[in-house]
Amino acid sequence: MFTILNLMAISTGRLVNASDRLVEHQGRLVFKANYFIANIDTTKTSAGSTLNNQFRIPTYSTGSYAFQIYWGDGTEDEILSWDQAEITHTYAEAGVYQIIIYGEFNGWRFVNTGDRLKLITILRWGDLEMGSLDQNFYGCTNLDIQAIDTPILSGKSDYSFCFRGCTS
């Protein structure tokens, strides 16, 4: 499990400053300022979702992506394209995992399809940008937003059905 600490650290591998956050991941230190952090439950499947041990990030063709994702099982991927194979992750076992995303992520859209039921908690919005299109979290009926920061809404002009079907 990841732990977020407010620290200043020195690393020979990455440029950091006092406003950065530190994440310890499997004995490795990763520095980045604004993570998107969410819990998913791979067992919450529905028609059109991935298997009960998988999760698919809801990207779309007009989005812009250059991010790193930590899947919560000790693995990570770099995502540079909306249709890259690695946007779907397969876990060794079905269950609840915490994912952490950082980098350029502009375009998050479930549209009442895919793995919408698997997203159960947003703990931090970070730098995630929902994108200009509508229906970003439409159908995420299991979603509980516990984040104390606010989502980035710049460039967003259509909020239609953005959280339709969300209960909390």
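Everything in the sequence shown is counted per the numbering used here, starting at 910 for the first residue and increasing by one.
For glycine and all other residues, C-beta sits at the position ideal for the given N, C-alpha and C.
Option nearest residue i by Cα separation, candidates the options
{"i": "residue 951", "options": "1024, 1046 and 1069", "result": "1024"}
{"i": "residue 961", "options": "986, 968, 971 and 1028", "result": "1028"}
{"i": "residue 944", "options": "991, 1003, 1038 and 1000", "result": "1038"}
{"i": "residue 999", "options": "955, 967, 973 and 963", "result": "963"}
{"i": "residue 965", "options": "1075, 1026 and 1051", "result": "1026"}
{"i": "residue 1046", "options": "1035, 1071 and 1066", "result": "1071"}
{"i": "residue 881", "options": "1036, 1040 and 1073", "result": "Residue 881 cannot be examined here, being either before or after the span of the chain that is shown, 910 to 1077."}
{"i": "residue 1009", "options": "1077, 1076 and 949", "result": "949"}
{"i": "residue 1012", "options": "1066, 986, 1030 and 1001", "result": "986"}
{"i": "residue 953", "options": "975, 1006 and 1014", "result": "1006"}
{"i": "residue 1066", "options": "1003, 1042 and 1033", "result": "1042"}
{"i": "residue 1054", "options": "1077, 991 and 975", "result": "1077"}
Sheet register partners of residue i (DSSP bridge)
{"i": "residue 1012", "result": "976"}
{"i": "residue 1044", "result": "According to DSSP, which records beta bridges pairwise, residue 1044 is partnered with nothing at all."}
{"i": "residue 1006", "result": "949"}
Outcome for residue i when other beta-carbon atoms lying within 10 angstroms are tallied against a minimum of 16
{"i": "residue 957", "result": "exposed"}
{"i": "residue 1064", "result": "exposed"}
{"i": "residue 1068", "result": "exposed"}
{"i": "residue 947", "result": "buried"}
{"i": "residue 989", "result": "exposed"}
{"i": "residue 1057", "result": "exposed"}
{"i": "residue 1044", "result": "buried"}
{"i": "residue 968", "result": "buried"}
{"i": "residue 972", "result": "buried"}
{"i": "residue 930", "result": "Here residue 930 scores only 49 on pLDDT, less than 50, and its place in the model should not be relied on; the value that follows carries that caveat. Under this definition residue 930 is a buried residue."}
The beta strand (DSSP E) enclosing residue i, as first and last residue numbers
{"i": "residue 965", "result": "963–965"}
{"i": "residue 1056", "result": "Looking at the DSSP string, residue 1056 is not in any beta strand (DSSP E), and its letter there is neither H nor E."}
{"i": "residue 996", "result": "First-last for residue 996: undefined, no H or E at that position."}
{"i": "residue 1038", "result": "No beta strand (DSSP E) holds residue 1038; DSSP gives it neither H nor E."}
{"i": "residue 987", "result": "985–988"}
{"i": "residue 1033", "result": "1028–1033"}
{"i": "residue 1024", "result": "Where residue 1024 is concerned, there is no enclosing beta strand (DSSP E), given that its DSSP letter is neither H nor E."}
{"i": "residue 947", "result": "945–950"}
Any chain C beta carbon closer than 9 Å to residue i
{"i": "residue 995", "result": "This model lacks chain C altogether, as it is built from one protein chain only."}
Tell me whether the stretch 979–992 and the stretch 1018–1034 touch, counting them as touching only if at least three CB pairs, one residue from each stretch, are closer than 8 Å. No, they do not touch.
The stretch 988–998 touching the stretch 1054–1061, judged by at least three CB pairs closer than 8 Å: Taking a cut-off of 8 Å for Cβ pairs, the stretch 988–998 and the stretch 1054–1061 do not touch, as fewer than three such pairs fall below it.
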